[in-house]
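Here the working numbering is used: the first residue of the sequence shown is 23, the next is one more, and so on.
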Amino acid sequence: MSQQSARATVRVFANPGSWIESDALVQCDQVAALDGMIRVAGMPDLHPGKGAPIGAAMLSSVLYPFLVGSDIGCGIAVFPIRIKRPNLERIAGRFPDLDRALTPDAPEWPDDIPAGHTDSLATVGRGNHFVELARIDSVLQPTGLAKGDLVLIVHSGSRGLGESILRAHTEVHGAGPAADPGAYLRAHDDAVRWGSLNRRLMAARVGRALGAEVGAPVVDECHNLVEVRDGLYLHRKGAARGDSREVLVAGTRGTPSYLVAAHAGAEANWSVAHGAGRKMSRSDALRRGKAKHTVAELRRTKVGSLVVCGDRQLLFEEAPTAYKRIEQVIGDLEAHGLATPVAVTVPLVTYKTRGQR
Numbered sequence: 023m024s025q026q027s028a029r030a031t032v033r034v035f036a037n038p039g040s041w042i043e044s045d046a047l048v049q050c051d052q053v054a055a056l057d058g059m060i061r062v063a064g065m066p067d068l069h070p071g072k073g074a075p076i077g078a079a080m081l082s083s084v085l086y087p088f089l090v091g092s093d094i095g096c097g098i099a100v101f102p103i104r105i106k107r108p109n110l111e112r113i114a115g116r117f118p119d120l121d122r123a124l125t126p127d128a129p130e131w132p133d134d135i136p137a138g139h140t141d142s143l144a145t146v147g148r149g150n151h152f153v154e155l156a157r158i159d160s161v162l163q164p165t166g167l168a169k170g171d172l173v174l175i176v177h178s179g180s181r182g183l184g185e186s187i188l189r190a191h192t193e194v195h196g197a198g199p200a201a202d203p204g205a206y207l208r209a210h211d212d213a214v215r216w217g218s219l220n221r222r223l224m225a226a227r228v229g230r231a232l233g234a235e236v237g238a239p240v241v242d243e244c245h246n247l248v249e250v251r252d253g254l255y256l257h258r259k260g261a262a263r264g265d266s267r268e269v270l271v272a273g274t275r276g277t278p279s280y281l282v283a284a285h286a287g288a289e290a291n292w293s294v295a296h297g298a299g300r301k302m303s304r305s306d307a308l309r310r311g312k313a314k315h316t317v318a319e320l321r322r323t324k325v326g327s328l329v330v331c332g333d334r335q336l337l338f339e340e341a342p343t344a345y346k347r348i349e350q351v352i353g354d355l356e357a358h359g360l361a362t363p364v365a366v367t368v369p370l371v372t373y374k375t376r377g378q379r
């Protein structure tokens, strides 16, 4: 589906039968009307965000920090992990408290921390962030993973660092362009590096807690960032880099995720989807979920996986039914020639938070 704005091309890479919320399309049009905007590409997981659509890649001659948002550097990493005779109940109980920041006396404490930002180091955050032990259920294309292998999937970002960078801009310029793109990009790049470090530190913490061997990441792709491409600014908000690389497109706590070989071109702003994408707001998911699900159902999913989440509200907000069908999103990526499925993972234990609420 595509449409022409007065200032920029808007195209959503979703099949006619795929549901895209109208508010997300309105936001795409609003972005397309910004000064300097050239092309807006919506992914099949497109949904409304705060001020800008999530699941979109936006190419412009002008740099707009609000299009990336506060969680600069957010992304998904996949780590091979070896656990002898995994017992899900025992693993769920032994997951470290990833709400508590790493301390300098921890063996994982790094020598170099981008921007010197030690607050919330090695924590997962809330919302749709998670750390998940998963199993490779099937391999569809040659890759370095085999059926039955275990992997640790870590989805998180730059925590308070990215938020402080956006706030410093919006307090002066609101939703306007960066007054000094170079200065913003230097801070932004620190946040991207911090997000990647954060994912690696969490994987190390989980490995130590479980007594497991964790390998180097086979995937570590950011989906909230600005890329300078041919002198233009490519803003991605909930869209992964899709030019000749493997990307993990996350499902939900109770559905598969897909490792894909991404090969998106210029029409899609060299980007692919980053996940299933919300189909309900958090308030709707909370209201409908309480009428449809029990807490026990959400803590042990239909695929037999366990969800570690002490926050009952978050448990309902993040219910699998609050998201689009991951199979539809992957099908749309395939149909538009943006990606090819490589492997399918199924969740075993998903950590959200130990916090009580």
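All C-beta atoms, glycine included, are put in the ideal place defined by N, C-alpha and C. No experiment lies behind these values; they were computed from the predicted model shown.
Span separating the alpha-carbon of residue i from that of residue j
{"i": "Tyr-206", "j": "Leu-120", "result": "29 Å"}
{"i": "Ala-341", "j": "Cys-331", "result": "11 Å"}
{"i": "Leu-47", "j": "Val-32", "result": "9 Å"}
{"i": "Ala-197", "j": "Val-53", "result": "11 Å"}
{"i": "Leu-320", "j": "Gly-311", "result": "10 Å"}
{"i": "Ser-180", "j": "Ser-160", "result": "32 Å"}
{"i": "Arg-275", "j": "His-245", "result": "19 Å"}
{"i": "Thr-165", "j": "Val-269", "result": "12 Å"}
{"i": "Ala-290", "j": "Ala-55", "result": "18 Å"}
{"i": "Val-325", "j": "Thr-367", "result": "12 Å"}
{"i": "Asp-252", "j": "Ala-288", "result": "12 Å"}
{"i": "Thr-125", "j": "Ala-74", "result": "35 Å"}
{"i": "Gln-49", "j": "Arg-258", "result": "14 Å"}
{"i": "Asp-382", "j": "Ala-30", "result": "This structure leaves residue 382 out entirely; the chain is present only between 23 and 379."}
{"i": "Ser-266", "j": "Pro-199", "result": "30 Å"}
{"i": "Trp-292", "j": "Gly-237", "result": "28 Å"}
{"i": "Val-194", "j": "Asp-202", "result": "12 Å"}
{"i": "Glu-185", "j": "Gly-359", "result": "34 Å"}
{"i": "Lys-106", "j": "Val-240", "result": "21 Å"}
{"i": "Val-34", "j": "Ala-261", "result": "12 Å"}
{"i": "Thr-372", "j": "Pro-87", "result": "31 Å"}
{"i": "Gly-138", "j": "Pro-132", "result": "11 Å"}
{"i": "Arg-322", "j": "Pro-102", "result": "24 Å"}
{"i": "Gln-350", "j": "Met-59", "result": "29 Å"}
{"i": "Glu-130", "j": "Ala-36", "result": "42 Å"}
{"i": "Asp-51", "j": "Asp-127", "result": "50 Å"}
With 16 other Cβ atoms within 10 Å as the buried cut-off, status of residue i
{"i": "Asp-67", "result": "buried"}
{"i": "Asp-93", "result": "buried"}
{"i": "Asn-220", "result": "buried"}
{"i": "Leu-208", "result": "As written in the sequence, residue 208 is Arg, which differs from the Leu given in the question. Arg-208 should be labelled exposed."}
{"i": "Asp-212", "result": "buried"}
{"i": "Ser-24", "result": "The pLDDT assigned to Ser-24 is 45, lower than 50, so where the model puts this residue is not dependable, and the model offers no usable value."}
{"i": "Thr-316", "result": "exposed"}
{"i": "Asp-354", "result": "buried"}
{"i": "Gly-170", "result": "exposed"}
{"i": "Val-250", "result": "exposed"}
{"i": "Glu-339", "result": "buried"}
{"i": "Lys-314", "result": "exposed"}
{"i": "Pro-363", "result": "buried"}
Integer-rounded CB distance, given that residue j should sit under 8 Å from residue i
{"i": "Val-153", "j": "Val-228", "result": "6 Å"}
{"i": "Leu-188", "j": "Ser-82", "result": "With 8 Å as the limit, Leu-188 and Ser-82 do not qualify as a contact, their Cβ atoms being about 17 Å apart."}
{"i": "Ala-231", "j": "Phe-117", "result": "6 Å"}
{"i": "Leu-370", "j": "Ser-327", "result": "5 Å"}
{"i": "Arg-148", "j": "Leu-336", "result": "6 Å"}
Endpoints, the beta strand (DSSP E) within which residue i is located
{"i": "Lys-374", "result": "361-375"}
{"i": "His-195", "result": "It is not in any beta strand (DSSP E) - His-195 instead sits in the alpha helix (DSSP H) that spans 182-195."}
{"i": "Glu-154", "result": "152-161"}
{"i": "Ala-262", "result": "261-263"}
For residue i, the nearest candidate out of the options (CA to CA)
{"i": "Ser-279", "options": "Glu-339, Ala-295, Pro-239, Arg-267", "result": "Ala-295"}
{"i": "Arg-122", "options": "Met-80, Ser-327, Met-224", "result": "Met-224"}
{"i": "Leu-308", "options": "Arg-334, His-285, Asp-212, Val-271", "result": "Arg-334"}
{"i": "Trp-41", "options": "Gly-299, Ala-261, Gly-311, Val-317", "result": "Gly-299"}
{"i": "Ile-98", "options": "Asp-242, Arg-322, Leu-143", "result": "Asp-242"}
{"i": "His-191", "options": "His-315, Lys-314, Leu-89, Glu-356", "result": "Leu-89"}
{"i": "Gly-39", "options": "Val-368, Leu-183, Arg-347", "result": "Arg-347"}
{"i": "Gly-71", "options": "Lys-301, Ser-178, His-139, Ala-365", "result": "Lys-301"}
{"i": "Arg-376", "options": "Gly-115, Val-364, Val-62", "result": "Gly-115"}
{"i": "Arg-104", "options": "Glu-111, Leu-167, Leu-337, Met-80", "result": "Leu-167"}
{"i": "Thr-145", "options": "Pro-108, Leu-162, Leu-183", "result": "Leu-183"}
{"i": "Asn-109", "options": "Arg-148, Leu-85, Ser-142, Leu-155", "result": "Leu-155"}
{"i": "Leu-162", "options": "Ala-365, Ala-262, Ile-76, Ala-261", "result": "Ala-365"}
{"i": "Val-100", "options": "Trp-131, Arg-157, Thr-140", "result": "Arg-157"}
{"i": "Gly-91", "options": "Ile-76, Gly-138, Pro-102", "result": "Ile-76"}
{"i": "Ala-344", "options": "Arg-263, Phe-35, Ala-361, His-69", "result": "His-69"}
{"i": "Arg-222", "options": "His-177, His-195, Val-194, Ala-201", "result": "His-177"}
{"i": "Trp-216", "options": "Arg-263, Ile-60, Ser-142", "result": "Ser-142"}
{"i": "Gly-297", "options": "Ser-305, Ile-175, Glu-235", "result": "Ile-175"}
{"i": "Asn-150", "options": "Gly-273, Ala-63, Lys-314", "result": "Gly-273"}
{"i": "Cys-96", "options": "Val-282, Ser-44, Arg-61, His-210", "result": "His-210"}
Start and end residues, alpha helix (DSSP H) containing residue i
{"i": "Pro-102", "result": "Counting along the chain, Pro-102 falls outside any alpha helix (DSSP H), though it belongs to the beta strand (DSSP E) covering 97-104."}
{"i": "Leu-47", "result": "44-54"}
{"i": "Asn-220", "result": "203-232"}
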